[in-house]
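Step one of this worksheet: look at the structure below.
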Amino acid sequence: MAARAWPTAAAVWLCLAGCRTANPSPAPRAPIEVAALAADFPGPDHGEVRLTLDVDNPEGVDAEAKEVTWEVWLEGRWFAAGLLEVRAALPAHRRTLIALQLPVVFKRLEVRPEPASVEVAVRGAVDLKYGKGGARVPFEATRRILARGAPKMGGPGEDD
419 MAARAWPTAA AVWLCLAGCR TANPSPAPRA PIEVAALAAD FPGPDHGEVR
469 LTLDVDNPEG VDAEAKEVTW EVWLEGRWFA AGLLEVRAAL PAHRRTLIAL
519 QLPVVFKRLE VRPEPASVEV AVRGAVDLKY GKGGARVPFE ATRRILARGA
569 PKMGGPGEDD
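Sequence positions in the sequence shown follow my numbering and run 419 to 578.
Pasting the structure below:
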């Protein structure tokens, strides 16, 4: 009986010896995160998507966000795209919030008269200028938001 207990006790001890009690370090943050996403459609053929990007400048020199390319998807369907010129200063070794207003125009879509829950996805890239160099840094996010006057995209489960 004692011979059988020894391998079991040894296995338990080896498992416990390999366990860590400290919390693992958090995952590194993305260079650009979508901090906020909202949409409003005040007219039957136009609206605005408001987007706040949290942009990291890990470089040792100040940088500038020059332009943003973007796409908006509603209820899993492509909806709009554009190019927006921005001039946002990005201090060295800091994160900076950049608020964007993305205008959207649409035709021949029925709209919801009341505020409704809508899945909005946005993706794109920010062109950054560092001294003589630069980088195009991507971002993307999907959120379910409450939007007034949102167009009906005709997806599965959409009320007609």
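Even for Gly, the Cβ is constructed at its ideal location relative to N, Cα and C.
query, result
"Bridge-paired residues (DSSP) for Glu528", "The partner list for Glu528 (beta bridge, DSSP) is empty, contrary to what the question assumes."
"Own chain, CB closer than 8 Å to Arg562, minus 5 neighbours either side, in chain order", "Ser535, Val536, Glu537 and Val538"
"Cβ-Cβ distance between Asp480 and Ala507 below 8 Å", "yes"
"Alpha-carbon to alpha-carbon, Gly549 and Met571", "44 Å"
"Contact check, Ala568 vs Phe459, beta carbons under 8 Å", "yes"
"Buried versus exposed call for Glu532 [16 or more other C-beta atoms within 10 Å across all chains shown]", "exposed"
"Coarse secondary structure for Arg562, derived from DSSP in three states", "strand"
"Per DSSP, cross-strand counterpart(s) of Glu537", "Arg562"
"Nonlocal neighbours in the same chain, by C-beta distance under 8 Å from Gly478, ignoring five residues either side", "Ala510 and His511"
"Beta-carbon gap between Lys484 and Val504 smaller than 8 Å", "yes"
"Spatial distance of Ala428 from Ala445 (CA atoms)", "Reliability fails at Ala428, whose pLDDT of 49 lies under 50, so the model's placement of it is uncertain and no value is given."
"Spatial neighbours of Arg513 in its chain, beta-carbon cut-off 6 Å, leaving aside the 5 residues before and after", "Asp472 and Asp474"
"Three-state secondary structure (DSSP) of Ala481", "strand"
"Strand pairing of Val523, partner residues [DSSP]", "His464"
"Cβ-Cβ distance between Val522 and Phe497 below 8 Å", "yes"
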